[in-house]
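Scroll down for the structure; my scribbles are underneath it.
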Amino acid sequence: MNLTSGVILSLAYILGLLSTGVAWGGIVVLIVGCGAAIALPKLWKGKFSSRIWIAAGVVGLAASLYFQMRVPQPGTHDISRLLENATQKQEVTVSGQVTETPRLNRSGKAQIWLEVSRVDRATQSETIAPDQVRGKLYVTVPLLQATGVTQGQEIAIAGVLYKPKPASNPGGFDFQKYLARDGCFTGLRGRTIEGLHPNDRWGWWMIRQKIIRSQIDWLGSPEGQLVSSMVLGSRVVDLPFDIKDQFTRVGLSHALAASGFQVSLILSVVLALLNRFSTTVQVIAGVTALLIFLGLTGLEPSVLRAVIMGFGLLIGLANKRSVKPLGGLLLAAIILLIFNPMWIWDLGFQLSFLATLGLQVTSPSLVKSLDWLPSVFTSMIAVPIAAYIWTLPLQLYSFGVLSPYSIPVNVIVTPLISIISIGGVISAFLALISPIAGSASAWLLHYPTYAMLAIIDFFYKLPGNSIAVGTISAFLMIILYGLICLPLLRPKLQPYSWAIGLAAVALVFIPAGYVKANSLQITLLATLRDPILVIQDHGRIALVNSGDESTASSTVLPFLQKEGVNQLDWAIATLSNETTNAGWSALLDQIPTKSFYQLANLNTAENATIAQTVQTHQGRYLPFSIGQIMKMHSTSVALVNSKPEMVQFQIGEQNWLWLKDVPKKQQTELLSNPALQNNQVLWWSGKAIQSEMLDRLKPNVAIAYSNQVDPETVAQLEKRGVQFYSLGRDGAMRWTPQTKFEKTSGSDEKDALPI
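Be aware that the sequence shown starts at 415, since it is given in our numbering, and climbs by one per residue.
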């Protein structure tokens, strides 16, 4: 088999894994291979035989079957078998071994991965003995409880066992899928950790902690964590989340990921220091250095990719042969995807390979086009542009957000990244010899790290540091990558790359802009407590309520970004307390509003922070009074009662009524309110509603926004033939004039092609 045939079969294997995103994808790849076997030999006579294309189709089909075989499934004695359904929870004490160093999550709790060896509970399972329970468990515990817990320890944790939930909102985080890809199907909300004894087992975590502590000792926080993250990767370092978020929003998250830059740096230093020694010594030292780096950073796809390519470079050095970068990249991909085919859908894996591919195929042509600049600047500019071009379509598909300052920020901080990374590696090496020497050498990086944080903070605070364009379809993403490849496949088109770029921009913005300007869509987001509604009316956006800070950041903000929303026309707060005010503040810092309406009878002193945030972004802070009607294109909103709160929405030709918790006594008093009549949709908390009030309302559709719904009220609704939805059960709902109501969880299109 020649080199070309190997490339075709390798690409067929990757295509076969990608085909698992669609139904019968492997069969489609086989059919395409057979079709190519018939057509292509006639077009390119003598270049490709029919057999290689048939073999490619078979390899693609085999890859799709191999993927299905490797999909993690809970075993017979898996801990998830103790829970009969998704809503069941159990008080248990779980014993097992800690498999990773505990990390801090956004809620301020410690996150622990546990390999289960025993489960004790009040009612033991009849089929699984306590000491036979196995499986991987995701645990969160109070931070103080996790003090002293290290990788490899045997511990027991008391808490509540639960099954992780899938995404219930568009753009929401699919916690269930995230854990399942790592072979974990159960979570534990831990309260206390028992049986904690000193861990005397040697592990890479000991060296890692020694390096991190040494670098933080004299540098302090967050500079020390930043240096450690740039050397070891943020996955094994608890870098403050506000710093991580700043790096992400300005397009510098790759600087915190251990990958190719660190590998190339390590090899360069090792080979330079051992330049006078034989090739054998250089290769052995290089391999040893890469293995140590891999042990410290962990088996992350991006790190493994870089290490495998580093091994390829060392093999070429030993054989005194040059290594083809594209061939090395393809070989690394095949090795990793055979080791774990699930990584084909890992976003970090995809971005790492696409960025590296961009550096190899696009960066050289960019360097040539920038030859009018001093040579020291050409690669500094070409490298971030090439990586940005190749990762942008996937980012738009996954997040719908772009960072306009990404390229200038990367160009400006590249020298600082090099200085900090080189100094960090030297500091880490010295820390293993002497912690004081490691701390002293890390202290020398104070000014570079301070300067880098200051630059990132400056760009982060600039207006428009990230722009939501809305998520694109998988089909459009493929077209964009086709346009990127066009000048590479047809070199004659390279002078017209600017026109190809304009065509790509037009494909992203024009169809999406047309749809937004000519559509009406209402989305009711599923939350545990608060009613949240988004109105998209012919290009204008209104948001009713934000929820608490966690809901605003993890549910509302991702949804708005995926819909391409950068500013709200209205923001309406029908609820006001300390938690919802924190939610509004977090949301409005990212997506400002032109007008913010709050119920007039609320204490304005409690809302001073929101008023200040709104006015900082040149918005208006206004009361929401009884009888006041706010109109957009096809919708209007009116407050029809204040105690209890009742808000009426006129959406097209329909009337929707939002009803807060209403005690039975007040329900009787409200029967005479004319706003209860002629409402096609009832949106309420799920609490009990009297039969007389339902007779007065006569809705066609009733939607409860809380998890707990009064069963008697549901029975009354069903008796009257009312279509009933529970957002806690059904997930988010979407209404359009064409489709009416439809369920739309976080896995609508993205589950069909889970890139």
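Using N, Cα and C, we set each Cβ at its ideal position, and we do this for glycine too.
First and last residue of the uninterrupted alpha helix (DSSP H) at residue i
| i | result |
| --- | --- |
| L475 | 464-484 |
| D944 | Element bounds for D944: n/a, residue is neither H nor E. |
| D534 | Not the alpha helix (DSSP H): D534 falls in the beta strand (DSSP E), residues 523-535. |
| T600 | It is not in any alpha helix (DSSP H) - T600 instead sits in the beta strand (DSSP E) that spans 598-608. |
| K1079 | 1078-1084 |
| G573 | Premise fails: G573 lies in the beta strand (DSSP E), 568-576, not in any alpha helix (DSSP H). |
| M723 | 715-732 |
| F873 | 860-875 |
| Q1104 | Per DSSP, Q1104 belongs to no alpha helix (DSSP H) and is neither H nor E. |
| T693 | 693-711 |
| R1143 | 1141-1144 |
| T828 | 820-847 |
| K930 | 911-931 |
| T418 | 417-432 |
| V677 | 674-687 |
| Y552 | Run containing Y552: none in the alpha helix (DSSP H); it sits in the beta strand (DSSP E), 550-556. |
| R622 | 618-633 |
| V641 | 637-646 |
| A543 | Segment: none, A543 is in no alpha helix (DSSP H) and carries neither H nor E. |
| V563 | From DSSP, V563 is part of no alpha helix (DSSP H); its letter is neither H nor E. |
| V1128 | 1125-1133 |
7 Å CB neighbourhood of residue i in its chain, flanking five on each side removed
| i | result |
| --- | --- |
| T711 | L646, G647, V650, A672, V717 |
| W619 | T515, T564, Q565 |
| S1161 | For S1161, the predicted structure reports a pLDDT of 47, less than 50, and the residue's modelled location is therefore unreliable. The matter cannot be settled from this model. |
| H1047 | D951, H952, R954 |
| K1157 | D1144, G1145, M1147 |
| R663 | S817, Y874, N879, S880 |
| G709 | W618 |
| S999 | T1023, I1024, T1027 |
| P807 | M891, L894, Y895 |
Boundaries of the beta strand (DSSP E) in which residue i is found, first to last residue
| i | result |
| --- | --- |
| W984 | 982-987 |
| G510 | 504-512 |
| Q660 | Run containing Q660: none in the beta strand (DSSP E); it sits in the alpha helix (DSSP H), 655-663. |
| I936 | 934-939 |
| E1156 | 1154-1157 |
| W1097 | 1095-1098 |
| L457 | From DSSP, L457 is part of no beta strand (DSSP E) but of the alpha helix (DSSP H) over 439-457. |
| A966 | It is not in any beta strand (DSSP E) - A966 carries neither H nor E in the DSSP assignment. |
Neighbourhood of residue i by C-beta distance below 6 Å, restricted to the same chain and skipping five residues each side
| i | result |
| --- | --- |
| F1155 | M1147, W1149 |
| L947 | L938, V958 |
| F549 | First, the amino acid is wrong: residue 549 is Gly here, not Phe. Cβ neighbours of G549 beyond the five flanking positions: D492, I493, V530. |
| N824 | P798 |
| M723 | G742, A746 |
| G601 | Y552, Y576, P578 |
Beta-carbon separation (whole angstroms), residue i vs residue j, contact threshold 8 Å
| i | j | result |
| --- | --- | --- |
| L607 | Q559 | Looking at the sequence shown, residue 607 is not Leu but Ile. About 5 Å; that satisfies the 8 Å criterion. |
| K1074 | S1099 | 6 Å |
| F661 | S667 | 5 Å |
| L780 | L633 | Between L633 and L780 the Cβ distance is about 36 Å, and since that is not below 8 Å, they are no contact. |
| S855 | L844 | 5 Å |
| L423 | A469 | 6 Å |
Cβ neighbours of residue i in the same chain (closer than 8 Å, five flanking residues each side left out)
| i | result |
| --- | --- |
| I826 | I869 |
| L900 | L907, I914 |
| A703 | I680, L681, V684 |
| I445 | G471 |
| L902 | V775, T776 |
| E637 | L859, H860, T863, Y864, L867 |
| message | Quick check: the stretch 1053-1062 against the stretch 964-971, are at least 3 beta-carbon pairs closer than 8 Å? | response | Verdict: no, contact absent.
| task | May I ask you to verify whether the stretch 779-786 touches the stretch 616-627, counting CB pairs closer than 8 Å and requiring at least 3? | result | The stretch 779-786, when compared against the stretch 616-627, does not touch it at the 8 Å Cβ threshold.
| request: Report yes or no: do three or more beta-carbon pairs, one from the stretch 883-902 and one from the stretch 752-767, lie closer than 8 Å? | output: Per the Cβ contact rule, the stretch 883-902 is not in contact with the stretch 752-767 (fewer than 3 Cβ pairs under 8 Å).
| Any contact of the stretch 482-498 with the stretch 467-474, i.e. 3+ C-beta pairs under 8 Å? | Between the stretch 482-498 and the stretch 467-474, the count of Cβ pairs shorter than 8 Å is below three; the stretches do not touch.
| message | Three Cβ pairs or more, each shorter than 8 Å: is that satisfied between the stretch 1116-1124 and the stretch 940-956? | response | Counting Cβ pairs under 8 Å, three or more are found: they touch.
| query | Between the stretch 801-815 and the stretch 832-841, do three or more beta carbon pairs fall short of 8 Å? | reply | Per the Cβ contact rule, the stretch 801-815 is not in contact with the stretch 832-841 (fewer than 3 Cβ pairs under 8 Å).
| message | If contact is defined by three or more beta carbon pairs under 8 Å, each pair taking one atom from either stretch, is the stretch 478-488 in contact with the stretch 579-589? | response | No, the stretch 579-589 is not in contact with the stretch 478-488.
| field | Cβ contact (3+ pairs, closer than 8 Å) linking the stretch 998-1015 and the stretch 968-988 | value | Yes: at least three Cβ pairs fall under 8 Å.
| When the Cβ atoms of the stretch 723-732 are set against those of the stretch 695-707, are three or more pairs found closer than 8 Å? | Touching, per the Cβ criterion.
| task | Say whether the stretch 1026-1033 touches the stretch 990-1004, bearing in mind that this needs 3 or more beta-carbon pairs closer than 8 Å, one atom from each stretch. | result | Yes: the two stretches touch, three or more of their Cβ pairs being nearer than 8 Å.
| At what residue ranges does the stretch 1000-1080 contain a whole run of the beta strand (DSSP E), taking only runs of 3 or more? | As far as the stretch 1000-1080 is concerned, its whole beta strand (DSSP E) runs of at least 3 residues are 1007-1013, 1034-1038, 1043-1045, 1049-1056, 1059-1065, 1068-1073.
| request: Could you pull out every unbroken alpha helix (DSSP H) segment of at least 4 residues lying fully inside the stretch 749-820, listed in chain order? | output: The qualifying runs are 761-775, 777-783, 789-812.
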